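Residue numbers (the working numbering): 2 to 204.
Down below is the structure, laid out as structure tokens.
What follows is the structure, encoded as structure tokens:
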């Protein structure tokens, strides 16, 4: 009987740029014992994470095998396109997170739906993150998702300066909140939203 992999594997992916894909990957990674693998040689994650916490695959670098990654918590962060390596990564992932901003706008919605369609060919354990939202845009997005009849779990991530601090300083949002005062007041909500997502993927 094959030994069960105790490590988690997730992919954060969307066809559209600017949806916060790498920011979400970094936010999750900094909160726990995660490493990120990306095929984007210009990824912003290199400024937020320690060198031992990420692997950037150049075009000729093979993806580590499932056996190589056994027991490790890995986040795959494809650079906006799916080569064969990232398709293999999606296939071995426990969940695929698809972030979307301003769902309901034509371009955002079309790219999101195309992302879901592409991922469904390889993995149906999809998690939707309504990213950079306000209360108003969250309501619109949820109504649109109902119209499209998606039954995937949906999480919200508020637009917040905490992510910029996290990327610039390379520290978890939960640690920023612990500074107290206005940091706690301004950033507690988004920290709770992030922890809800992390708790789900760690199940």
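Virtual Cβ for every residue (Gly too), placed ideally from N, Cα, C.
Since the structure is predicted, the reported quantities are computational estimates derived from the model, not experimental observations.
Between residue i and residue j, which are expected to be in contact by the criterion C-beta below 8 Å, what is the C-beta distance as a whole number of angstroms?
i, j, result
"residue 15", "residue 99", "5 Å"
"residue 151", "residue 120", "About 12 Å; that fails the 8 Å criterion."
"residue 174", "residue 195", "6 Å"
"residue 156", "residue 197", "6 Å"
Quick check: what's the CA-CA separation for residue i versus residue j?
i, j, result
"residue 32", "residue 199", "9 Å"
"residue 127", "residue 77", "14 Å"
"residue 158", "residue 8", "25 Å"
"residue 83", "residue 5", "27 Å"
"residue 141", "residue 113", "15 Å"
"residue 170", "residue 162", "12 Å"
"residue 28", "residue 138", "22 Å"
"residue 74", "residue 35", "5 Å"
"residue 50", "residue 164", "13 Å"
"residue 136", "residue 168", "24 Å"
"residue 148", "residue 116", "17 Å"
"residue 67", "residue 12", "14 Å"
Using 8 Å as the threshold, is the C-beta distance between residue i and residue j below it?
i, j, result
"residue 188", "residue 172", "no"
"residue 86", "residue 40", "yes"
"residue 109", "residue 101", "yes"
"residue 95", "residue 10", "yes"
"residue 59", "residue 42", "yes"
"residue 25", "residue 132", "yes"
"residue 57", "residue 44", "yes"
"residue 134", "residue 107", "no"
"residue 104", "residue 145", "yes"
Can you give, in chain order, each stretch of the beta strand (DSSP E) that sits fully within the segment 54 to 115 and has at least 3 residues? The segment 54 to 115 contains these whole beta strand (DSSP E) runs: 55 to 57, 75 to 78 and 96 to 101.
Pick out the complete beta strand (DSSP E) segments inside the segment 134 to 183, 3 residues or longer, and give them in chain order. Listed in chain order, they are 155 to 159.
Ignoring anything shorter than 4 residues or poking outside the segment 19 to 49, list the alpha helix (DSSP H) runs there in chain order. Here the runs fully enclosed are 22 to 31 and 46 to 49.
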